[in-house]
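What follows is a set of notes on a single structure, which appears directly below.
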Amino acid sequence: VDRLQQNVRWDEAEEVTFECEPGTLSESKVKTLKALGITRVSLGIENFADEVLKENGRAHLSPEIYKSWKWIETADFPNVNIDLISGMVGESDENWKENIRRTIELSPDSVTIYQMELPYNTVYSSDILGNKIEVPVADWPTKREWVDFAFSELGAAGYHVSSGYTMIKDPSQVNFSYRDNLWKGSDLLATGIASFGHVSGVHYQNLPEWKDYIGALLEENRLPLGRALRPSEDQLLIREMILQLKRGYLDVSYFEQKFSTNILQQWSTVWAQYAEDGLLSHTESRIELTRQGLLRVDALLPAFFAEEHQGIRYT
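Here the numbering used here is used: the first residue of the sequence shown is 8, the next is one more, and so on.
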């Protein structure tokens, strides 16, 4: 850390986040994180039930959740987030309601809920599609119903919608500097293995294998770059628009000023269809998703992809 701060200091950074799972923490590690200047801790609880955590191969059980939470509370970080996953194998209505009850009981600064997706190359997908084995995993309507329930319960407890995935307790105190800047096209310096970044309009990915990655750094004295792409102006527009739509709204003038494009006119047919389906409403200056649109925002995005990128499976 000392060597890192010699080159990249974060004393005055808006946000310094550390993402972790309960089973990877210790009291001394949490104290060290606070001493290093971490401003936001995101704890990947995912689910509170031991049987669900075991079935899904998580590296922690409920006792680790409460131990780590006590350490985090004592350290008094400015911003603490809890991650949950809707649709883990073995989840049920009763289990999900208990997850939300316990989350509200812990009272984190923000709660992020992801709807679990099973890529085609997972063991569970192979069982379902290939071996025709029944796996107790929720379908998309059920996952959306669970997130809807969570948003309603969290809203009743004083939380506010921040995106299609996140509720925050106090909008004046909690912000997501990394997320918001990333979604507006800011440069991102990626340093991890296989990680994606973008600098000065060029998107890049680092080498995916440790041997190649460390060899480039130590033996060849160069950045461990694996591949890169310079997106077109249209691609940059689409990227920013679909990322910002995840917040639940779009400011039409932002895109006119930055890309000289009226997004309402550019994709008028798509907006009209989504409005007819009850997924959004819009004025000349603002597009806003309804709750049902917000719950399925990821499914709305491919309609804006360039024609050559539509219908492509990523696994």
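Cβ coordinates follow ideal geometry from the N, Cα and C atoms, glycine included. In this text the structure is predicted, and so the values were computed from the model without any measurement.
Which residue comes first and which comes last in the alpha helix (DSSP H) that contains residue i?
i: Glu26; result: Where Glu26 is concerned, there is no enclosing alpha helix (DSSP H), although the beta strand (DSSP E) it sits in stretches over Thr24 to Cys27.
i: Glu71; result: Ser69 to Ala82
i: Arg186; result: Ser184 to Trp190
i: Asn102; result: Asp100 to Leu113
i: Ser35; result: Glu34 to Ala42
i: Tyr281; result: Ser275 to Glu283
i: Met95; result: Per DSSP, Met95 belongs to no alpha helix (DSSP H) and is neither H nor E.
i: Tyr220; result: Trp217 to Leu225
i: Tyr261; result: Val259 to Phe266
i: Val154; result: Trp147 to Ala163
So the candidates are the options; which of them puts its Cα closest to the Cα of residue i?
i: Asp284; options: Arg16, Leu32, Gln299 and Phe84; result: Gln299
i: Met174; options: Val277, Glu22 and Asn88; result: Asn88
i: Ser292; options: Leu271, Ile107 and Ala201; result: Leu271
i: Phe183; options: Thr81, Val168 and Ser93; result: Val168
i: His316; options: Glu216, Gln242 and Met123; result: Gln242
i: Ser117; options: Asp177, Arg109 and Lys150; result: Asp177
i: Phe84; options: Glu22, Leu195, Arg303 and Lys218; result: Glu22
i: Gly199; options: Lys191, Ala145 and Glu216; result: Glu216
i: Thr297; options: Ala310, Leu308, Pro309 and Tyr281; result: Tyr281
i: Thr276; options: Lys265, Ala310, Pro115 and Gln12; result: Ala310
i: Ala20; options: Leu11, Gly44, Val8 and Thr39; result: Gly44
i: Gln208; options: Ala197, Trp190, Leu232 and Glu240; result: In the sequence on display, residue 208 carries Gly and not Gln. Comparing Cα-Cα distances from Gly208 to each of Ala197, Trp190, Leu232 and Glu240, the minimum goes to Glu240.
i: Asn86; options: Gln264, Asp100, Ser179 and Leu257; result: Ser179
For residue i, report the span of its beta strand (DSSP E) as first-last.
i: Arg293; result: Arg293 to Leu296
i: Glu53; result: Arg47 to Glu53
i: Ser117; result: Ser117 to Gln122
i: Ser288; result: Leu287 to His289
i: Arg234; result: Leu232 to Leu236
i: Ile245; result: Segment Glu240 to Leu252 is the alpha helix (DSSP H) holding Ile245; no beta strand (DSSP E) there.
i: Asn14; result: That residue, Asn14, is in no beta strand (DSSP E); its alpha helix (DSSP H) goes Asp9 to Asn14.
i: Val59; result: Segment Asp57 to Glu62 is the alpha helix (DSSP H) holding Val59; no beta strand (DSSP E) there.
Within the same chain, show all residues whose beta-carbon is closer than 7 Å to that of residue i, passing over the 5 residues directly before and after it, in chain order.
i: Ser49; result: Thr24, Glu26, Asn88 and Asp90
i: Ile120; result: Leu91, Ser93, Val154, Ala157 and Tyr172
i: Glu62; result: Val96 and Gly97
i: Glu226; result: none
i: Ile72; result: Pro29, Ile52 and Phe55
i: Val59; result: Met95, Gly97, Glu98 and Asn102
i: Gly268; result: For the sequence presented, residue 268 should be read as Thr rather than Gly. For Thr268, where only same-chain residues beyond five positions count, the Cβ hits under 7 Å are Leu244 and Phe262.
i: Trp78; result: Leu32, Glu34 and Val37
Near residue i, which residues of its chain fall below 6 Å by C-beta distance, leaving aside the five closest residues on each side in sequence?
i: Leu230; result: none
i: Leu236; result: His210
i: Leu301; result: Gly171 and Gly255
i: Phe266; result: Leu244
i: Leu40; result: Phe25
i: Asp258; result: none
i: Arg234; result: Gln212
i: Ile249; result: Leu308 and Phe311
i: Ala164; result: Ile111
i: Asp18; result: none
i: Lys253; result: Ser170, Gly171 and Val304
My guess is that residue i and residue j are in contact by the Cβ rule of under 8 Å, so how many angstroms apart are they, rounded?
i: Asn213; j: Ser202; result: 5 Å
i: Val15; j: Ala82; result: Not quite, the Cβ-Cβ distance comes to about 23 Å (not below 8 Å), so this is no contact.
i: Gly192; j: Glu247; result: 5 Å
i: Trp2; j: Gln264; result: Absent from the model: residue 2. The displayed extent of the chain is 8 to 322, so no value can be given.
i: His289; j: Trp278; result: 6 Å
Just to confirm my understanding: we take residue i, look at its own chain, exclude 5 residues before and 5 after, and list those with CB closer than 8 Å. What are they?
i: Ser35; result: none
i: Trp76; result: Pro29, Leu50 and Leu113
i: Leu286; result: Leu296, Thr297, Gln299, Gly300, Arg303 and Leu307
- Indicate whether the contact test is met: 3 or more Cβ pairs, each with one atom in the stretch 153 to 171 and one in the stretch 213 to 231, closer than 8 Å. no
- Query: Is there contact here, the stretch 30 to 39 with the stretch 64 to 82, by at least three beta-carbon pairs under 8 Å?
  - Reply: yes
- Task: Decide yes or no for the touch test of the stretch 299 to 315 against the stretch 183 to 192: beta carbon pairs closer than 8 Å, at least 3 of them.
- Result: no
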